[in-house]
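So the protein lines, in turn, are chains A and B.
Counting in the numbering used here, the first sequence runs without a single skipped number right up to 401 at its last residue.
Counting in the numbering used here, the second sequence runs without a single skipped number right up to 112 at its last residue.
C-beta: ideal position from N, C-alpha, C; glycine also.
Report on one structure; see the data block that follows.
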Amino acid sequence: MKLKALMAVIVVIGLAGLGMAQQTEAAATTQAAVSAQAPAATQELTPAKDPLSAQDPSPAQDPPPEPQAGPAPLNPTPVELSGVPILTGYSSFTANFEPGKQVLGPTIAPIILIPIGKRWLIEAEGEFEGEYEHMTGEPWEHAWGKGVEYLQADLFINRHLTLVAGRSLTPFGIFNERLHPSWIKNLQTAPLIMPIGTGSGNGAQLRGGLSLSPKVNFNYAAYFSAASTVRAFEAERVAGTRMSLFFPDQRLEIGGSYQRNLQDEHFNTWGMDFTWQAKPIPLDIHAEYAHSPEMGNGYWIEAAYRTRQWRGKFFRRSQAVLRMEQYFTPAMGMGGGGGGHGEELPDVNTQRFMFGWNYYFNDALKLSTAYGRNFSSDGDRNIWSIGLSYRWFFGLGGKQK
Amino acid sequence: MKRKSVIGMLFFALVAFAVLAAAQPGGGGSKAAGKAADDPPPATTAAASEEPARPVRQEVDGDQAYKANCMRCHTAPRKFSAREMVTVMRHMRVRANLTKAEEQAILRYLTR
Numbered sequence: 001m002k003l004k005a006l007m008a009v010i011v012v013i014g015l016a017g018l019g020m021a022q023q024t025e026a027a028a029t030t031q032a033a034v035s036a037q038a039p040a041a042t043q044e045l046t047p048a049k050d051p052l053s054a055q056d057p058s059p060a061q062d063p064p065p066e067p068q069a070g071p072a073p074l075n076p077t078p079v080e081l082s083g084v085p086i087l088t089g090y091s092s093f094t095a096n097f098e099p100g101k102q103v104l105g106p107t108i109a110p111i112i113l114i115p116i117g118k119r120w121l122i123e124a125e126g127e128f129e130g131e132y133e134h135m136t137g138e139p140w141e142h143a144w145g146k147g148v149e150y151l152q153a154d155l156f157i158n159r160h161l162t163l164v165a166g167r168s169l170t171p172f173g174i175f176n177e178r179l180h181p182s183w184i185k186n187l188q189t190a191p192l193i194m195p196i197g198t199g200s201g202n203g204a205q206l207r208g209g210l211s212l213s214p215k216v217n218f219n220y221a222a223y224f225s226a227a228s229t230v231r232a233f234e235a236e237r238v239a240g241t242r243m244s245l246f247f248p249d250q251r252l253e254i255g256g257s258y259q260r261n262l263q264d265e266h267f268n269t270w271g272m273d274f275t276w277q278a279k280p281i282p283l284d285i286h287a288e289y290a291h292s293p294e295m296g297n298g299y300w301i302e303a304a305y306r307t308r309q310w311r312g313k314f315f316r317r318s319q320a321v322l323r324m325e326q327y328f329t330p331a332m333g334m335g336g337g338g339g340g341h342g343e344e345l346p347d348v349n350t351q352r353f354m355f356g357w358n359y360y361f362n363d364a365l366k367l368s369t370a371y372g373r374n375f376s377s378d379g380d381r382n383i384w385s386i387g388l389s390y391r392w393f394f395g396l397g398g399k400q401k
Numbered sequence: 001m002k003r004k005s006v007i008g009m010l011f012f013a014l015v016a017f018a019v020l021a022a023a024q025p026g027g028g029g030s031k032a033a034g035k036a037a038d039d040p041p042p043a044t045t046a047a048a049s050e051e052p053a054r055p056v057r058q059e060v061d062g063d064q065a066y067k068a069n070c071m072r073c074h075t076a077p078r079k080f081s082a083r084e085m086v087t088v089m090r091h092m093r094v095r096a097n098l099t100k101a102e103e104q105a106i107l108r109y110l111t112r
């Protein structure tokens, strides 16, 4: 019954997207015609300028310079150009230290993006993650995990609707889909509740965004995943949706996620997420809550403050991070210790505070350090971590202008 | 039953937010985005202005869209070529649920 309701939501979203397309295509055609005839008036393009030039003392998170007046170039506008294949990704090395235990984690995650025509994109990300663990008095043990984070084809059906097919990251909450890469996340240690909800699924998604007014956008994603036990493509049979409202002026997003587990035991998981980027000061707030009757519930809230307004190069490139989180085991069900993502939920109720300091050498290279304190009934303990992450990028389309 | 009601309330709250936000008149705290909505369509050349008046899609401010959508998750990217940025923005359109208008506005902004 619930699955039928979910499928109905997916169909309604699809029809709504198609309906919006009919309304907007005519206007878009008009806009394209006007733009083609008067690019100078509508584009206001200026000569290229590197937003992250060497003269910029605080490269990371600084916006590109303000547009300058200048003659419009005769080259085609970027929206008329075809994309080129790209090989990108990130590499990281983290070291975590707890009493009696040390863990080293090298990771490499290549990403390939292949645009086809104006409506298609093939994209894939693999992840190769090592874990070298040492317990006091025991020899080092190590293992390498290989997995496909996503391998998907995206079809842009219209301005507001995209069909995604293949293996995809599950759009449950914000951390899994948007924040998990090491060069993006502010603390290298994943939130306690991350295993609630699945990491990747094999199936299809309908997703997109539309502007309800100049003040608010509506974002949505609805998905279905089939079960798979194939190594590197493991997935559970689930269906779910995430919807959010985004207020661009306030840079505030509030989202809600729902997922129905359809494998073995059927149960619901739901969550909420919150993102706010303060305008007056370089402060980012992220928060998530997730609840599952089988896997427990919990939340995390994280504040990241860029100290680029402070004096000195060190502070201009630094970021202070504070996270608080709690996890509560379920009253019944599979209990703690389960979960996806290759990570495990705690066995007992746990709360954790973490403080981190990041230093951005440039937009792609980041040093992360953190200290945290874990409180639980099986013993309180300190957590230390240090890591280096690097995002790399290669254009595969030959020499570009 | 209790869980159903929570999910129902969540959905209702989202819809209510959307309706309230959409019903609000322009102005106030809205700056670039509000301005884009309130202002008349951009001026065009004489040839274009001879076209009969037809509705023109609202322009999205690239600077506003870039700062609001991109920078809440990650640091500013380096300068890539225009054709590389086309691919990157197509990827981000899926990942961040951008509309096509936002995708194109940010693309223009980052390839100036």
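Bounding residues of the beta strand (DSSP E) (the contiguous stretch that carries residue i)
i	result
Y305/A	296 to 306
K146/A	141 to 158
K366/A	365 to 376
I112/A	101 to 116
V164/A	161 to 169
Cα-Cα separation between residue i and residue j, rounded to whole angstroms
i	j	result
K366/A	L87/A	20 Å
H91/B	L113/A	8 Å
T77/A	R78/B	20 Å
G397/A	E138/A	50 Å
N158/A	S82/A	17 Å
F361/A	L151/A	31 Å
A303/A	T87/B	31 Å
R352/A	I111/A	32 Å
R260/A	L187/A	29 Å
S442/A	Y390/A	The structure shown does not extend to residue 442/A, since chain A is modelled only from 1 to 401, so the question has no answer here.
Q104/B	K215/A	19 Å
V94/B	Q205/A	11 Å
S292/A	Y327/A	11 Å
N382/A	S376/A	12 Å
G395/A	P85/A	6 Å
N268/A	Y258/A	7 Å
D264/A	S168/A	22 Å
K279/A	W310/A	17 Å
Q102/A	T94/A	11 Å
K185/A	T107/A	14 Å
Q64/B	A227/A	41 Å
Y371/A	D380/A	14 Å
F315/A	A124/A	36 Å
G62/B	A109/A	30 Å
Y151/B	A331/A	As displayed, chain B neither begins before 1 nor continues past 112, which places residue 151/B out of reach and without an answer.
CB contact flag (residue i, residue j, <8 Å)
i	j	result
S211/A	N217/A	yes
G173/A	E149/A	no
P191/A	E80/A	no
I122/A	A165/A	no
G105/A	E131/A	yes
V60/B	A96/B	no
D363/A	A76/B	yes
A235/A	G201/A	yes
M354/A	R323/A	yes
R72/B	Q250/A	no
V238/A	T198/A	yes
Close Cβ partners of residue i (< 6 Å) along its chain, the five nearest in sequence each way excluded
i	result
S318/A	T307, Y359
T369/A	W357, I386
P171/A	E177, A221, R242
H286/A	T275, E302
F97/A	W384
T404/A	A question about residue 404/A goes unanswered here, because the residues of chain A that appear run from 1 up to 401.
L252/A	W276
E129/A	T107, G145
Sequence-distant residues of the same chain with beta carbon closer than 8 Å to residue i, five excluded per side
i	result
M85/B	L107, L110, T111
Contacting residues, own chain, Cβ-Cβ under 7 Å from residue i (five flanking each side not counted)
i	result
R119/A	L155, F156
A232/A	K146, G147, V148
G100/A	M135, T136
E141/A	E133
A320/A	Y305, T307, W357
L98/B	N69, M92
Endpoints, the alpha helix (DSSP H) within which residue i is located
i	result
L107/B	100 to 110
G62/B	62 to 65
H91/B	82 to 95
K313/A	313 to 316
- Item | Contact list for the stretch 83 to 101 of chain B against chain A, Cβ threshold 9 Å | Listed in sequence order: R83, E84, M85, V86, T87, V88, M89, R90, H91, R93, V94, R95, A96, N97, L98, T99, K100, A101.
- Task: Identify each residue in the stretch 106 to 131 of chain A for which the Cβ-Cβ distance to at least one residue of chain B is less than 7 Å, and report them in chain order.
- Result: Cβ contacts with chain B: L113, P115, L121, E123.
- Task: Taking only beta carbons into account, state which residues of the stretch 130 to 151 of chain A come closer than 8 Å to chain B, listed in chain order.
- Result: Residues of the stretch 130 to 151 of chain A with a C-beta atom less than 8 Å from some C-beta of chain B do not occur.
- Task: Select from the stretch 168 to 183 of chain A all residues with a C-beta closer than 8 Å to any C-beta belonging to chain B, and list them in chain order.
- Result: Of all residues in the stretch 168 to 183 of chain A, E177, R178, L179, W183 have a Cβ within less than 8 Å of some Cβ in chain B.
- Query: For the stretch 150 to 166 of chain A, which residues have a CB atom closer than 9 Å to at least one CB atom of chain B, in sequence order?
  - Reply: Hits within the stretch, in order: Q152, D154, F156, N158, R159, H160, T162, V164.
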